[in-house]
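Student: My questions all concern the structure below.
Chains as they are written, first to last, in the numbering used here: chain A, 1 to 337; chain B, 1001 to 1337.
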């Protein structure tokens, strides 16, 4: 293995995974200039199975094989557990959330035990097993980065840790889930629920299995991650109630309703809310467009900040995953020691 | 000197400098936890002179001495050149901009030659001598960070480099200067120029010497820094025209006028604009409040982002300076080598 190579092992090659490969294929030179490292794909896993690459595979070739449905032809087929046995590598989880996050948990624990770091876009393990994952990371001096889990491509965890260094967060108020708010907007405009969902699917926002998004589970997962990461809690999904939209939602008069996350601190108490709420006139979140995610955050030292992405999709989410991979790669080789 | 100490040498203890000391005094423990380093004040300089501290001075004590006007009593008085002779230390420039930046230039070059890194909130050296400063930094493997030079406390350079890793910037459109826009708003509401300036001074926005802000020089400096840092140019102030507000501005009918910076890339061409412009209805910048700074940026991979601070002042600017100091401190000691 060459010096300054960083090997990544990709779990999941859905729309985020494919966008990630495109970025790596097209921006490889820039990424290597900025990190001082060469990102090398060591293995990949999708619904057809897992494959370990003995010699480097170009991201464009993997993307092509994925589109043809035969990634296994590019290397040595292996059980998925082999993806977690690569010391010094990064496990990049872009797979769909499992119901209780236990599949991902065991993968992360095993990878960290074997000296790997984790980058994930998958909310379920963090929303269900935050403490176990973070305890293992800190015990083994491993890093877990998860920028893409909340608010898609809008900089959030990296913004607060890298741009607001001396601050603690006192309040978070945001729209971090696209689907439910998009569906609600369509319903306000007169569409029945099923047509609204169909429209969201047509636009590439809603997944085939859309219920996690519309019933608020997705928002609740994100809220748990935010409360843990920004407010020092150790919550799990069990600690939070939520609400969403469904066939029985009467959208009439809900002009100022949004599915939001709001977390506030008062003294040692932290209150986390996830669900539908009617917002006050002039609320910043009402200015976001239907394809937009964003939030307002009150910090102790860096003031009150508002940030949004004008249009958020798998491309932006993949860029957030890549940013995490680049941070790790840079850290490995650019420490001035 | 203890292991993991990072010594900082402060040039300028105006309102940003005093806010910086407050943050260090009150958040010292947090800052040290997050960086793995102890930030130690090695020296300080204000209008009364420069002082080198042989033994550590608590930030709160320096702040107190500053307020009493006798920082020289805390250590050994020294010529300001001694501030630049501290290998491994960070020169933190929070002084007022000189007209042509040459005073700061010689200080930065000397500090880098002596093995120091630079954090600056001072626009003039970067707007007038970008290439010389950055060439010296890269030749000597030194770092120059300047988050606080543009748009006060709104994360900008750190956001783009740390949260948008795989992206290049294609377009920047922002309000990065508070004073001129505040004065213009007051004039739209009927105040004459002098009263509008007085109101801005009362609110702590405008400096006593306000002309650099109102006539657009401040905006032009920021535009040059943006074009160089984000678009890879080597501009100086000579390359840019600007406009601002004055006694002769007729604010009637200027409801949608703002002093903005706009930089666009088309192919290999970069166009930089700084000055007054009438904005289209619905322009994001029209949604910013009178105490607010913000921008919209179009990136190649991380989408189109909009960010603003709700209220920007010396406290937020000082937090941006501290964030740069923390980044450098962290880099020194947290590389996994």
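For glycine and all other residues, C-beta sits at the position ideal for the given N, C-alpha and C.
Computed from a predicted structure; not experimentally measured.
1) Can you pull the chain A neighbours of residue 1027(B), defined as C-beta to C-beta under 9 Å?
2) To the nearest whole angstrom, what separates the beta carbons of residue 315(A) and residue 19(A), a pair I think is in contact under 8 Å?
3) Applying the criterion that 16 or more other CB atoms from any shown protein chain within 10 Å of the CB defines a buried residue, is residue 136(A) buried or exposed?
4) Report the partner residues of residue 76(A) according to the DSSP bridge assignment.
5) On the DSSP letters alone, give me the boundaries of the beta strand (DSSP E) that residue 250(A) sits inside.
6) Using 8 Å as the threshold, is the segment 1226–1240 of chain B in touch with the segment 1281–1291 of chain B, meaning 3 or more CB pairs across them?
7) Can you tell me whether residue 172(A) is helix, strand or coil according to DSSP?
8) What residues from chain B crowd round residue 31(A), counting only those whose CB sits closer than 9 Å?
9) Output needed for residue 156(A): all residues of its chain with C-beta closer than 6 Å, excluding positions within five of it in sequence on either side, in chain order.
10) I'd like to know whether the C-beta atoms of residue 172(A) and residue 236(A) end up nearer to each other than 8 Å.
11) Which residue marks the beginning of the alpha helix (DSSP H) containing residue 25(A), and which one marks its end?
12) Does the pairing of the segment 1113–1124 of chain B with the segment 1078–1097 of chain B give three or more beta-carbon distances under 8 Å?
13) Spatial neighbours of residue 187(A) within its chain, please: C-beta separation below 6 Å, excluding the five flanking residues on both sides.
14) Check whether the Cβ atoms of residue 246(A) and residue 215(A) lie closer than 8 Å to each other.
15) Which one or two residues does DSSP pair with residue 5(A) in a beta bridge?
16) Assign residue 296(A) to buried or exposed, taking buried as 16 or more other Cβ atoms, counted over all protein chains shown, within 10 Å of its Cβ.
17) So, helix, strand or coil for residue 1011(B), using DSSP?
18) With DSSP as the reference, label residue 1319(B) as helix, strand or coil.
19) By DSSP's criteria, residue 1295(B) is part of a beta bridge. Which residues make up the other side?
20) If you draw a straight line from the alpha carbon of residue 1146(B) to that of residue 1286(B), how long is it in whole angstroms?
21) Buried or exposed: which applies to residue 956(B), given that a residue is buried once 16 or more other Cβ atoms fall within 10 Å of its Cβ?
22) Residue 1080(B): which of 1046(B), 1033(B) and 1200(B) sits nearest, CA to CA?
23) In this structure, how does DSSP classify residue 1257(B) when only helix, strand and coil are distinguished?
24) Under 8 Å, with one C-beta from each stretch per pair, do the segment 166–181 of chain A and the segment 1179–1186 of chain B reach the 3-pair mark?
25) Look at the Cβ atom of residue 974(B), then the Cβ atom of residue 1039(B), and state whether they are nearer than 8 Å.
26) How would you list, in chain order, the residues of chain B whose beta-carbon sits under 8 Å from the beta-carbon of residue 176(A)?
27) Could you spell out where the beta strand (DSSP E) holding residue 1091(B) opens and where it closes?
28) Given that residue 1015(B) touches chain A, what residues does it touch there, using C-beta distances under 7 Å?
29) Where do the ends of the alpha helix (DSSP H) carrying residue 229(A) lie?
30) If we cut at 8 Å on Cβ distances, does residue 1326(B) have a partner in chain A?
31) Whole-angstrom Cβ separation of residue 1301(B) and residue 1166(B), contact assumed at under 8 Å?
Tutor: The structure says:
1) Taking the second chain and counting its residues from 1, the one referred to as residue 1027(B) is at position 27. Chain A residues near residue 1027(B): 166, 167, 168, 300 and 301.
2) Within the first chain, numbered from 1, the residue matching residue 315(A) stands at position 315. Within the first chain, numbered from 1, the residue matching residue 19(A) stands at position 19. Sure, about 5 Å apart at Cβ, within 8 Å.
3) If you number the first chain from 1, residue 136(A) lands on position 136. So residue 136(A) counts as buried.
4) Within the first chain, numbered from 1, the residue matching residue 76(A) stands at position 76. Partner(s): 52(A).
5) Position 250 of the first chain, counted from the start, is the residue given in the question as residue 250(A). That residue, residue 250(A), is in no beta strand (DSSP E); it is neither H nor E in DSSP.
6) no
7) Along the first chain, read from residue 1 onward, the residue named residue 172(A) stands at position 172. In the structure shown, residue 172(A) sits in a strand (DSSP, three-state: E or B).
8) Here residue 31(A) refers to the residue found at position 31 of the first chain. Per Cβ cutoff of 9 Å: 1165 and 1166.
9) In the first chain, the residue the question calls residue 156(A) occupies position 156. Contacts found: 150.
10) Working through the first chain from its first residue, we reach residue 172(A) at position 172. Working through the first chain from its first residue, we reach residue 236(A) at position 236. Contact: no.
11) Residue 25(A) sits at position 25 when you count from the first residue of the first chain. Its alpha helix (DSSP H) spans residues 15–35.
12) yes
13) In the first chain, counting from the first residue as 1, residue 187(A) sits at position 187. Here the set comprises 196 and 251.
14) Here residue 246(A) refers to the residue found at position 246 when the first chain is read from its first residue. Here residue 215(A) refers to the residue found at position 215 when the first chain is read from its first residue. Yes.
15) Here residue 5(A) refers to the residue found at position 5 when the first chain is read from its first residue. Partner(s): 38(A).
16) The count along the first chain starts at 1 and reaches residue 296(A) at position 296. By the neighbour-count rule (16 or more Cβ atoms within 10 Å), residue 296(A) is buried.
17) In the second chain, counting from the first residue as 1, residue 1011(B) sits at position 11. Looking at residue 1011(B) - three-state DSSP - the assignment turns out to be strand.
18) For this step, residue 1319(B) is matched to residue 319 along the second chain. Of the three classes helix, strand and coil, the one that applies to residue 1319(B) here is helix, per DSSP.
19) The residue you call residue 1295(B) lines up with position 295 of the second chain. Answer is 1174(B) and 1307(B).
20) The count along the second chain starts at 1 and reaches residue 1146(B) at position 146. The count along the second chain starts at 1 and reaches residue 1286(B) at position 286. Cα to Cα, residue 1146(B) sits roughly 27 Å from residue 1286(B).
21) Lying before the first or after the last residue shown, residue 956(B) is absent from chain B, which here runs from 1001 to 1337.
22) Position 80 of the second chain, counting from 1, holds the residue named residue 1080(B). Nearest option by C-alpha distance: 1046(B).
23) On the second chain, position 257 is the one that residue 1257(B) refers to. It is a strand residue.
24) no
25) Only positions 1001 to 1337 of chain B appear in the structure, and residue 974(B) is not among them; the question remains open.
26) The residue you call residue 176(A) lines up with position 176 of the first chain. In chain order: nothing, as chain B lies at least about 15 Å away.
27) Locating residue 1091(B) in the second chain gives position 91, counting from the first residue. Element bounds for residue 1091(B): 1090–1093.
28) The residue you call residue 1015(B) lines up with position 15 of the second chain. By Cβ distance, chain A contributes nothing, its closest Cβ being about 15 Å from residue 1015(B), past 7 Å.
29) In the first chain, counting from the first residue as 1, residue 229(A) sits at position 229. Where residue 229(A) is concerned, the enclosing alpha helix (DSSP H) stretches over 217–231.
30) For the purposes of this step, residue 1326(B) is taken as the residue at position 326 of the second chain. It does; some Cβ of chain A falls within 8 Å.
31) On the second chain, residue 1301(B) is found 301 positions in, with the first residue counted as 1. On the second chain, residue 1166(B) is found 166 positions in, with the first residue counted as 1. At roughly 5 Å, the Cβ-Cβ gap stays under 8 Å, so residue 1301(B) and residue 1166(B) are in contact.
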